[in-house]
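Engineer: For the sequence shown, UniProt numbering gives the first residue as 1, with consecutive numbering after it. What follows is a structure written as structure tokens; I'll ask about it next.
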Amino acid sequence: MDDTQETDFGRDTIAGEPDGEMSLLIVDDDTPFLRRIARAMETRGFAIETAETVAEGIEKAKARPPKYAVVDLRLEDGTGLDVIAAIREAREDTRIVVLTGYGNIATAVTAVKLGALDYLAKPADADDIVHALTQAPGEKVDPPENPMSADRVRWEHIQRVYEMCDRNVSETARRLNMHRRTLQRILAKRAPR
């Protein structure tokens, strides 16, 4: 076997590794982020396949089950949990990492129950993703170097509730027990660091 790598998803071959060992499916509807991560992962030796919707992710997972997968939790046409289930159905040993901008405990637990290895907040660094994908089973994950501030945690919670209410400001304000105008001012601001 030579040291060449074919980028066709199901037939990538790197010296000393069996077929399919470096195949990576990335599913995210944030196109700039998707392209950036795809380029970064390709430079790290992965054979990349990308999808921007749940339907496209499921189709690609079934057609050529990857060894690794990075799946955004919230996609335009549904949830990344459906993609994770399809990947698991097609290939049980796929190592999956879930990305999300709206992390919460319930979805993290569901993702792990479906077979995800880790759950990273967006925008995730390519090195963090590689580490999560390649860590040994049972290896403890280091806590984040820069944990979120209390303001950021509050903002993330408000964003989650806002999304759960289908971006309805009045319903979100009722659920959060705050005035609608106050909520609108918070939503208009950028996320705190």
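Beta carbons: idealized from backbone N, C-alpha and C, even for Gly. As the structure is a prediction and not an experimental result, all values here were calculated from the model.
With a Cβ-Cβ cutoff of 7 angstroms, do A85 and L114 count as a contact?
Structural biologist: Yes, the pair counts as a contact, with Cβ atoms nearer than the cut-off.
Engineer: Quick one: give me the first and last residue of the alpha helix (DSSP H) that S170 is part of.
Structural biologist: Its alpha helix (DSSP H) spans residues V169 to L176.
Engineer: On the premise that K122 lies in contact with T100, defined as a C-beta separation below 8 angstroms, what is that separation, rounded to the nearest angstrom?
Structural biologist: At roughly 6 angstroms, the Cβ-Cβ gap stays under 8 angstroms, so T100 and K122 are in contact.
Engineer: Spell out the partners DSSP gives I119 in its beta bridges.
Structural biologist: According to the sequence displayed, residue 119 carries Tyr and not Ile. Note: Y119 sits in a beta bridge opposite V98.
Engineer: Consult DSSP for E49 and reduce its assignment to one of helix, strand or coil.
Structural biologist: Reduced to three states, the DSSP call for E49 is strand.
Engineer: Between the alpha carbons of K60 and E49, how many angstroms are there, rounded?
Structural biologist: When rounded, the distance between both Cα atoms is 8 angstroms.
Engineer: CA-CA distance, A136 and V161?
Structural biologist: Cα-Cα distance, rounded: 35 angstroms.
Engineer: Among the residues of its own chain, which have a CB less than 6 angstroms from the CB of R95, if the five just before and after it don't count?
Structural biologist: Excluding positions up to five away in sequence, the list reads Y68, L117 and L133.
Engineer: Return helix, strand or coil for D29, following the three-state DSSP convention.
Structural biologist: Reduced to three states, the DSSP call for D29 is coil.
Engineer: DSSP three-state call for L81: helix, strand or coil?
Structural biologist: Helix at L81.
Engineer: Between which two residues does the alpha helix (DSSP H) harbouring D72 extend?
Structural biologist: Here D72 belongs to no alpha helix (DSSP H); instead the beta strand (DSSP E) covers Y68 to D72.
Engineer: Run through DSSP, which three-state label would L114 get?
Structural biologist: Coil, per DSSP.
Engineer: Go through its chain and collect everything with a Cβ distance to P192's Cβ below 7 angstroms, but skip five positions before and after it.
Structural biologist: The residues are S149, D151, R152 and W155.
Engineer: Do you know whose CA, among E92, L73, H179 and D125, lies nearest T110's CA?
Structural biologist: The candidate whose alpha carbon is nearest that of T110 is L73.
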